[in-house]
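Below is one structure, written out as structure tokens; the observations come after it.
Protein chains: 2
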Amino acid sequence: MALEHAILVSLLEKPGSGYELARRFERSIGYFWTATHQQIYRVLKRMETDGWVDVREVPQQGRPDKKEYSVAVLGRSALSSWLHEPIEPESVRHDLAVKIRGAAFDDPAALIHEVERHHQVHTDRLAHYLAGERRDFTGPEAPAALDAGQQLQHAVLRGGIAYERMTITWLEDVLDTLHALKPERT
Amino acid sequence: MALEHAILVSLLEKPGSGYELARRFERSIGYFWTATHQQIYRVLKRMETDGWVDVREVPQQGRPDKKEYSVAVLGRSALSSWLHEPIEPESVRHDLAVKIRGAAFDDPAALIHEVERHHQVHTDRLAHYLAGERRDFTGPEAPAALDAGQQLQHAVLRGGIAYERMTITWLEDVLDTLHALKPERT
DNA sequence: CTTGTCTATGCAACTCGTTGCATAGCAGGA
DNA sequence: TCCTGCTATGCAACGAGTTGCATAGACAAG
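Residue numbers (this note's numbering), protein chains in the order written: chain A, 26 to 211; chain B, 26 to 211.
Quick look at the structure:
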């Protein structure tokens with residue numbers, strides 16, 4: 026599993042609490058990995074007992090205290106050895122594709138709304154990614170010279186952008202197919 | 026969960042045994058959903074007790090007997106109601122993206138091999154999909170007129186092709202980024 | 001005749017991930 | 001004052017998915 030490693034990467038980029046990690050996983054890390062706060066707390070606890078991360082109690086004003094985690098030496102070497110071992114190319118799990126094939130045995134026209142809804146979600150995500158790209162990498166506010174970490178983050182973000190663009194185009198293709206099918210079923 | 030529904034769709038397209046389903050999930054259905062035989066057998070058993078599928082013992086010659094499953098009335102209505110309820114747009118889980126961001130804290134050059142390996146796998150998958158498309162949809166052997174089911178299957182396959190093409194292009198982008206990074210770290 | 005491979009089904013144990021719920025401090029508004 | 005909402009952490013139970021192992025008939029190769 027890679028959640029531990031995703032957490033290590035995130036903590037290396039910036040130390041933080043479980044709560045903060047959960048919010049990062051809703052944002053930038055969430056572009057390519059998702060996790061709920063329960064999962065994160067559980068894994069953080071295990072990583073702590075394994076000595077992968079260090080904890081520091083941080084008293085706060087105006088809000089509850091937090092535990093700030095940072096990567097320990099053991100965690101860094103665990104990440105390093107994971108980086109050096111090969112992983113299986115991921116296999117997709119796409120509910121919507123199951124639905125599209127299933128629509129042949131039901132009413133294909135009823136799917137149009139659902140596909141349009143997904144189209145909208147992906148359009149919004151694309152806009153969100155592009156805004157992030159302008160802010161951090163290509164806009165006037167972006168740093169002139171990017172370090173290795175930033176260049177790699179940008180490459181990952183470009184992947185997210187390419188994914189959303191591809192998905193949007195495909196969903197339009199699916200919509201065309203559904204519309205072309207519709208008249209046949211009167 | 027959608028494994029039950031993926032099985033229903035597959036059985037509607039063609040009835041079959043758990044073993045046959047497992048092989049379909051390695052092939053065409055596997056383009057957008059994966060499952061091992063243990064998972065399939067377990068779910069099939071539950072679907073049988075729920076009355077979603079009918080079983081028929083089929084004696085065979087030259088090989089063990091099999092249980093052929095087909096979709097029952099209850100299964101059809103279960104699929105239908107699932108098709109009519111909205112699903113969450115999927116969130117991606119991309120180990121490789123975690124590795125790429127993590128590489129900033131290790132040796133980015135060490136990732137080049139891994140990315141090239143993934144590039145090869147996706148190139149092979151693309152070739153496999155394109156061969157399937159020619160065979161079933163666009164080649165001289167393909168049927169002249171496609172029914173609704175075939176048109177929707179083709180649309181899903183086009184999605185797989187678009188996904189592989191996008192991934193291949195992105196991995197080349199990542200490779201360029203890694204190569205450009207390399208000289209900086211001597 | 002033994003070994004390996006393919007078809008065919010299944011159990012048991014485990015890990016991963018989700019859902020529901022609980023607690024608690026603090027802030028702001030009705 | 002009470003209610004809502006945000007920060008912050010966590011338990012318990014369940015469901016989904018993986019891994020290892022077991023069984024068994026048939027066939028082909030050595």
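Each residue gets a CB set at the ideal place from its N, CA and C atoms; glycine is no exception.
May I ask you to report which of helix, strand or coil DSSP gives residue 78 of chain B?
For the purposes of this step, residue 78 of chain B is taken as the residue at position 53 of the second sequence. Correct three-state label for residue 78 of chain B: strand.
Using only the alpha-carbon positions, how far apart do residue 211 of chain B and residue 172 of chain A sit?
Start at 1 with the first residue of the second sequence, and residue 211 of chain B comes out as number 186. Start at 1 with the first residue of the first sequence, and residue 172 of chain A comes out as number 147. The predicted position of residue 211 of chain B is uncertain, since its pLDDT is 47 and thus under 50; no value can be drawn from it.
Nearest residue (CA-CA) to residue 157 of chain A, options A/116, A/54, A/94, A/78
Along the first sequence, one-based indexing puts residue 157 of chain A at 132. For residue 157 of chain A, the nearest C-alpha among the options comes from A/54.
Along the chain, where does the alpha helix (DSSP H) that runs through residue 154 of chain A open and close?
Within the first sequence, residue 154 of chain A is the residue found at index 129, counting from 1. First-last of the alpha helix (DSSP H) with residue 154 of chain A: 136-158.
Provide the residue(s) that pair with residue 95 of chain B in DSSP beta bridges, ordered along the chain.
Your numbering for residue 95 of chain B matches position 70 in the second sequence. Answer is B/79, bridged to residue 95 of chain B.
Length of the line joining the Cα atoms of residue 69 of chain B and residue 79 of chain B
Position 44 of the second sequence, counted from the first residue, corresponds to residue 69 of chain B. Position 54 of the second sequence, counted from the first residue, corresponds to residue 79 of chain B. The straight-line gap from Cα to Cα measures roughly 10 Å.
Cβ-based contacts, 9 Å cut-off: residues of the segment 40-60 of chain B near chain A:
So the list reads 54, 55, 56, 57, 58, 59, given in the order they occur along the chain.
Which residues in chain B have a C-beta closer than 9 Å to the C-beta of residue 79 of chain A? List them in chain order.
Indexing the first sequence from 1 puts residue 79 of chain A at position 54. The contacting residues do not exist; residue 79 of chain A stays about 16 Å from chain B at best.
Identify the contact partners of residue 111 of chain B in chain A, using a Cβ-Cβ distance below 7 Å as the criterion.
Numbered from its first residue, the second sequence carries residue 111 of chain B at position 86. Here the neighbours are 139, 142.
From the DSSP output, read off the bridge partner residues of residue 41 of chain B.
As a working note, residue 41 of chain B is residue 16 in the second sequence. B/94.
Same chain only: Cβ atoms within 6 Å of residue 181 of chain B, ignoring 5 sequence neighbours per side:
By 1-based counting over the second sequence, the position of residue 181 of chain B is 156. Excluding the 5 residues flanking it on each side, residue 181 of chain B has no same chain C-beta neighbour closer than 6 Å.
CA-to-CA distance, residue 143 of chain B to residue 199 of chain A, given in whole angstroms
Residue mapping note: residue 199 of chain A aligns to position 174 of the first sequence, counting from 1. Residue mapping note: residue 143 of chain B aligns to position 118 of the second sequence, counting from 1. When the Cα atoms are used, residue 199 of chain A and residue 143 of chain B turn out to be separated by approximately 28 Å.
Taking just the CA atoms, how far does residue 154 of chain B sit from residue 29 of chain B?
The count along the second sequence starts at 1 and reaches residue 29 of chain B at position 4. The count along the second sequence starts at 1 and reaches residue 154 of chain B at position 129. Rounded to whole angstroms, residue 29 of chain B to residue 154 of chain B spans 25 Å at the Cα level.
Going by DSSP in three states, residue 46 of chain B sits in which element: helix, strand or coil?
Along the second sequence, one-based indexing puts residue 46 of chain B at 21. In the structure shown, residue 46 of chain B falls within a helical segment according to DSSP collapsed to helix, strand and coil.
If you measure from the beta carbon of residue 176 of chain B to each beta carbon in chain A, is any gap under 9 Å?
Here residue 176 of chain B refers to the residue found at position 151 of the second sequence. By this cut-off, residue 176 of chain B is an interface position.
Contacting positions in the segment 189-202 of chain B - beta carbon closer than 9 Å to chain A:
Result list: 190, 191, 192, 194, 195, 196, 198, 199, 201, 202.
Between residue 123 of chain B and residue 58 of chain A, is the Cβ-Cβ spacing less than 9 Å?
Along the second sequence, read from residue 1 onward, the residue named residue 123 of chain B stands at position 98. Along the first sequence, read from residue 1 onward, the residue named residue 58 of chain A stands at position 33. Closer than 9 Å, so yes.
Is there a Cβ from chain B that is less than 9 Å from the Cβ of residue 83 of chain A?
By 1-based counting over the first sequence, the position of residue 83 of chain A is 58. Judged by the 9 Å Cβ criterion, residue 83 of chain A is not in contact with chain B.
Closer than 8 Å is the cut-off here; do at least three beta carbon pairs connect the segment 101-118 of chain B with the segment 127-141 of chain A?
Taking a cut-off of 8 Å for Cβ pairs, the segment 101-118 of chain B and the segment 127-141 of chain A touch, as three or more such pairs fall below it.
State buried or exposed for residue 74 of chain A, treating a residue as buried only when at least 16 other CB atoms are found within 10 Å of its CB.
As a working note, residue 74 of chain A is residue 49 in the first sequence. By the neighbour-count rule (16 or more Cβ atoms within 10 Å), residue 74 of chain A is not buried but exposed.
By a C-beta neighbour count over all protein chains shown, 10 Å radius and 16 as the cutoff for buried, is residue 189 of chain B buried or exposed?
In the second sequence, the residue the question calls residue 189 of chain B occupies position 164. Under this definition residue 189 of chain B is a buried residue.
For residue 137 of chain B versus residue 62 of chain B, is the C-beta spacing smaller than 9 Å?
Along the second sequence, read from residue 1 onward, the residue named residue 137 of chain B stands at position 112. Along the second sequence, read from residue 1 onward, the residue named residue 62 of chain B stands at position 37. No, the Cβ-Cβ distance between residue 137 of chain B and residue 62 of chain B is not below 9 Å.
Run down chain A in chain order and give the residues with a C-beta less than 7 Å from the C-beta of residue 146 of chain B.
On the second sequence, residue 146 of chain B is found 121 positions in, with the first residue counted as 1. Result: 114.
Quick one: list the residues of chain A neighbouring residue 65 of chain B, beta-carbon separation under 8 Å, in chain order.
Taking the second sequence and counting its residues from 1, the one referred to as residue 65 of chain B is at position 40. What residue 65 of chain B touches in chain A: nothing, since even the nearest Cβ is about 14 Å away.
Residues in its own chain within less than 8 Å of residue 116 of chain A by CB, not counting five upstream and five downstream?
Taking the first sequence and counting its residues from 1, one reaches residue 116 of chain A at position 91. So the list is empty, once near-sequence residues are dropped.
Which chain A residues sit within Cβ distance under 9 Å of residue 130 of chain B?
As a working mapping, residue 130 of chain B is identified with position 105 in the second sequence. Against chain A, the beta carbon of residue 130 of chain B has neighbours under 9 Å at 33, 34, 37, 38, 96, 101, 104, 105, 108, 174, listed in chain order.
Just curious, the alpha helix (DSSP H) that residue 207 of chain A is in, first and last residue?
Your numbering for residue 207 of chain A matches position 182 in the first sequence. Where residue 207 of chain A is concerned, there is no enclosing alpha helix (DSSP H), because DSSP gives it neither an H nor an E.
Hey, is residue 117 of chain B's beta-carbon within less than 9 Å of any beta-carbon in chain A?
The residue labelled residue 117 of chain B in the question sits at position 92 within the second sequence. Judged by the 9 Å Cβ criterion, residue 117 of chain B is in contact with chain A.
If we define contact as Cβ-Cβ less than 9 Å, is residue 68 of chain B a contact residue for chain A?
For this step, residue 68 of chain B is matched to residue 43 along the second sequence. By this cut-off, residue 68 of chain B is not an interface position.
Should residue 133 of chain B be labelled buried (16 or more other beta-carbon atoms within 10 Å of its own) or exposed?
Sequence index remark: in the second sequence, residue 133 of chain B carries index 108 (1-based). Counting C-beta atoms within 10 angstroms of its own C-beta, residue 133 of chain B has 16 or more neighbours from the protein chains shown and is therefore classed as buried.
Quick one: Cα of residue 33 of chain B to Cα of residue 42 of chain B, how far?
Position 8 of the second sequence, counted from the start, is the residue given in the question as residue 33 of chain B. Position 17 of the second sequence, counted from the start, is the residue given in the question as residue 42 of chain B. Approximately 12 Å between the Cα atoms of the pair.
Compute the distance between the beta-carbons of residue 151 of chain B and residue 139 of chain B, then report whether it is under 9 Å.
Indexing the second sequence from 1 puts residue 151 of chain B at position 126. Indexing the second sequence from 1 puts residue 139 of chain B at position 114. Between residue 151 of chain B and residue 139 of chain B, the C-beta gap is not smaller than 9 Å, which leaves the two residues out of contact.
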